[in-house]
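For reference, the structure discussed in these notes is given below.
Number of protein chains: 2
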Amino acid sequence: MIAVDVMSGEKPPEVVIRGALKALEEFNVKIALVGDEAHIEHCLKKVQYDNKKIKIFHATEVIMMHETPAVACKKKKDASIMVCTRLIKEGKAQGLFSPGNTGATLVAALMNIGRVDGVLRPTLGIYVPTVKGASLLIDAGANMDCTPEYLAQFAIMGEVFARRVQRKKNPSVGILSIGGEKTKGNELTLKTYDILKDLDFNFVGNIEGYDIYNGDVDVIVCDGFVGNVVLKVTERVFKLTFEFVGQEVQDHLLQRIGYAFLYPAVRKLRKKMDPRMYGGAYLIGLKGSVVIGHGSSDATTVYNGIQMVNSGIKNRVNELITEQLEKYGFNKKKNSSGDQKA
Amino acid sequence: MIAVDVMSGEKPPEVVIRGALKALEEFNVKIALVGDEAHIEHCLKKVQYDNKKIKIFHATEVIMMHETPAVACKKKKDASIMVCTRLIKEGKAQGLFSPGNTGATLVAALMNIGRVDGVLRPTLGIYVPTVKGASLLIDAGANMDCTPEYLAQFAIMGEVFARRVQRKKNPSVGILSIGGEKTKGNELTLKTYDILKDLDFNFVGNIEGYDIYNGDVDVIVCDGFVGNVVLKVTERVFKLTFEFVGQEVQDHLLQRIGYAFLYPAVRKLRKKMDPRMYGGAYLIGLKGSVVIGHGSSDATTVYNGIQMVNSGIKNRVNELITEQLEKYGFNKKKNSSGDQKA
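Chains as they are written, first to last, in our numbering: chain F, -8 to 333; chain U, -8 to 333.
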């Protein structure tokens, strides 16, 4: 069963429910809608849906977008996202989708869902658009201060994800650094390089910020601080470019007309450039398949997100992660030493 | 006197010399042209220039763009950039401009030019285009692994630079982090925040990657790893946006025409978005005013770069840095402890 947090997004619950119902029909999955029971029932009646596959779990509270994650999760024990994560803890659900507050989903998941055996730190993977399709940026903002062991595990988990969920054959893995040469980087990336170079997968070494969007590297590994900065700079520069074009064309009629013609393309691109519109960010390394969708997820994005959750469950991402971590010797022993910065 | 490395850029020496002569005329500065003497004399004859203000310093070698900085600087003791930095060391020049290999200029400067009293690490400041003019990103790639004390010094030096060279009144200083709240960040930025909040300047706290280009913060502080990633992601996303627009409009005649109309604006923007086209990156904290120009600097960019060098000298940036570091207690004592990671 997949728990769907219908309350926490920016769009009304109906929209999330519609996406969930579409996923239910197409993937033959069991869905638990989590939120205000009366309102959910009202929505289901509105769309004339009455299916025994659907379960409703009542939640009395909602964590809003603007709330501080740690504070909100402690205070609102009965928030929809808290109920979703408890369903996984209790073994009733195997995964969850939430279009809500990223930080709150992260905190709730870390509070209620255990780590996969051997995993030092769960991490956030996100699809980034490239000229050759989507690559995976990992960590996209969950872990600020990382050790080389964390980053090496992100690489291993990301590789498994790209193989199992993105269906890539022999996905390539690179470290985000300041240049392609193996001597380029900071202490963290240099030490991570030393670990990854000996692993038995398609490690391609360092790549620089310029090359993220070339699509030559399937899994791009960095700490969550750098990942956050990359995503936000990307989002801003993309918009800024059009702002600057708008400024430039002001005094030129022909250029202004040209720009107007482009509007449909620009609108389409806005969606393409928003990583979370692919379905969501995937929280990897937890005993459950957790996807955090964009706050403004429409029914299609919710559907894509639930597909991602389902794919993580069906393709046994977590089992393979445990296997790989054991294979590479990232067992409990390393766990304790690597954990010191917790 | 300002030393100008005429050999290391991607453009022919004539171009650099033309920019240098223009600066010489306008700012009434003494210029030393550094490179192959015979070739420089030939160029001067070609532009019919014969002025006693110009000195020529012969250099037998050139460090090329593709060379590894540390290796090249050790091997080519008589490279033009090495001669330039020695002129400063010997007190013959007070500053230098080079359109060459950034890393090599950095290494040569660190080898031959001493640090300003109290400075833990010289740093690279670069102008970034924003919707409200240029802000200063510091460190733009010189220091990979930083302590909070380094970052605090970058903030102090950047503030002096913005005040003295960019002529900003009471420039605002922010830390690049993952969100605006003071609790957001990694260990490095949180500890830097703790130092900066007590200093007597316009500290505005944390800003996120999204806000770099808003122009609300004049001096944006980060470590050189993050700075490098920001600059390269910016450069790439800017180009990528146009690539994606190009892909999108392929099948739509009207949109294709619209895009064609926009070409002049796009070309103009390319220059605007390239930080080094403003003149160059400024190496702050050395006993000399050092600007590293873009490899493809044309005469105007060289002229702008030399203006920047000159402004650093005339406005006594280094004196004020020493003063400020003393004022805030960043004296030799802190120097020794902060230096442990050297």
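Using N, Cα and C, we set each Cβ at its ideal position, and we do this for glycine too.
{"Check": "Of the residues U:Gly176, U:Tyr319, U:Ser288 and U:Thr76, the one placed nearest Leu274 of chain U, counting alpha carbons only", "Outcome": "U:Thr76"}
{"Check": "Proximal chain U residues relative to Thr183 of chain F, where beta-carbon distance stays under 9 angstroms", "Outcome": "Those do not exist, as Thr183 of chain F stays about 13 angstroms from chain U at its closest Cβ, beyond 9 angstroms."}
{"Check": "Chain F residues whose Cβ lies nearer than 7 angstroms to that of Lys223 of chain U", "Outcome": "Glu199, Gly200 and Tyr201"}
{"Check": "Meets three-Cβ-pair contact criterion under 8 angstroms: the segment -2 to 10 of chain F and the segment 284 to 297 of chain F", "Outcome": "yes"}
{"Check": "Every unbroken beta strand (DSSP E) inside the segment 147 to 177 of chain F [3 residues or more]", "Outcome": "164 to 168"}
{"Check": "Proximal residues of chain U, C-beta to C-beta of Pro139 of chain F below 8 angstroms", "Outcome": "By Cβ distance, chain U contributes nothing, its closest Cβ being about 13 angstroms from Pro139 of chain F, past 8 angstroms."}
{"Check": "Rounded straight-line distance, which links the Cα of His285 of chain U to that of Thr93 of chain U", "Outcome": "9 angstroms"}
{"Check": "Extent of the continuous beta strand (DSSP E) to which Ile129 of chain F belongs", "Outcome": "Gly124 to Ile129"}
{"Check": "CA nearest to the CA of Tyr141 of chain U, picked from U:Leu179, U:Ser280 and U:Val210", "Outcome": "U:Leu179"}
{"Check": "Expected contact under 8 angstroms - CB spacing of Gln144 of chain U and Leu111 of chain U to nearest Å", "Outcome": "6 angstroms"}
{"Check": "Nearest candidate by alpha-carbon position, reference Leu190 of chain F, set F:Ala70, F:Met148 and F:Pro90", "Outcome": "F:Met148"}
{"Check": "Candidates U:Lys259, U:Thr96, U:Leu245 and U:Val257, of which the one nearest Ala256 of chain F by Cα", "Outcome": "U:Leu245"}
{"Check": "Inter-residue spacing [alpha-carbon to alpha-carbon] between Ile104 of chain F and Leu87 of chain F", "Outcome": "11 angstroms"}
{"Check": "Backbone secondary structure at Pro4 of chain F - three-state DSSP", "Outcome": "helix"}
{"Check": "Contacts that Thr232 of chain U makes with chain F (C-beta to C-beta distance below 7 angstroms)", "Outcome": "Phe229 and Thr232"}
{"Check": "Proximal residues, the segment 244 to 257 of chain F versus chain U, C-beta separation under 8 angstroms", "Outcome": "Leu245, Gln246, Ile248, Gly249, Tyr250, Ala251, Phe252, Leu253, Pro255, Ala256 and Val257"}
{"Check": "Top-ranked residue by Cα proximity to Lys305 of chain F, from F:Ile129, F:Lys66, F:Arg155 and F:Glu81", "Outcome": "F:Arg155"}
{"Check": "Coil, strand or helix - His285 of chain U by DSSP", "Outcome": "coil"}
{"Check": "Between the CA atoms of Asn193 of chain F and Asn161 of chain F - distance to the nearest angstrom", "Outcome": "6 angstroms"}
{"Check": "Asn197 of chain F (DSSP reduced to helix, strand or coil)", "Outcome": "strand"}
{"Check": "DSSP state of Val212 of chain F mapped onto helix, strand, coil", "Outcome": "strand"}
{"Check": "Beta-carbon proximity of Ala133 of chain F to Val98 of chain F, cut-off 8 angstroms", "Outcome": "no"}
{"Check": "Residues near Val335 of chain F in its chain [Cβ-Cβ closer than 7 angstroms; skip 5 each side]", "Outcome": "For residue 335 of chain F there is no data in the structure shown, the boundaries of chain F being -8 and 333."}
{"Check": "Beta-carbon separation (whole angstroms), Phe321 of chain U vs Gly109 of chain U, contact threshold 8 angstroms", "Outcome": "5 angstroms"}
{"Check": "Cβ shell of Lys66 of chain F (< 7 angstroms), same chain only, five flanking positions each side left out", "Outcome": "none"}
{"Check": "Collapsed DSSP secondary structure at Lys67 of chain U in the structure displayed", "Outcome": "coil"}
{"Check": "Nonlocal neighbours in the same chain, by C-beta distance under 6 angstroms from Lys123 of chain U, ignoring five residues either side", "Outcome": "Gly206"}
{"Check": "Interface flag, Lys173 of chain U vs chain F, CB-CB below 8 angstroms", "Outcome": "no"}
{"Check": "Rounded Cβ spacing between Ile45 of chain F and Ile79 of chain F (contact assumed at less than 8 angstroms)", "Outcome": "Actually they are not in contact, since the Cβ atoms of Ile45 of chain F and Ile79 of chain F sit about 18 angstroms apart, beyond 8 angstroms."}
{"Check": "Three-way DSSP call (helix, strand, coil) for Ser(-1) of chain F in this model", "Outcome": "coil"}
{"Check": "Residues of its chain near Gly270 of chain F, where Cβ-Cβ distance is below 6 angstroms and the 5 sequence neighbours each way are ignored", "Outcome": "Asn295, Gly296 and Met299"}
{"Check": "Lys173 of chain U versus Asn197 of chain U: straight-line alpha-carbon distance, rounded", "Outcome": "6 angstroms"}
{"Check": "Pair within 8 angstroms by beta-carbon distance, Asn177 of chain F and Asp136 of chain U", "Outcome": "yes"}
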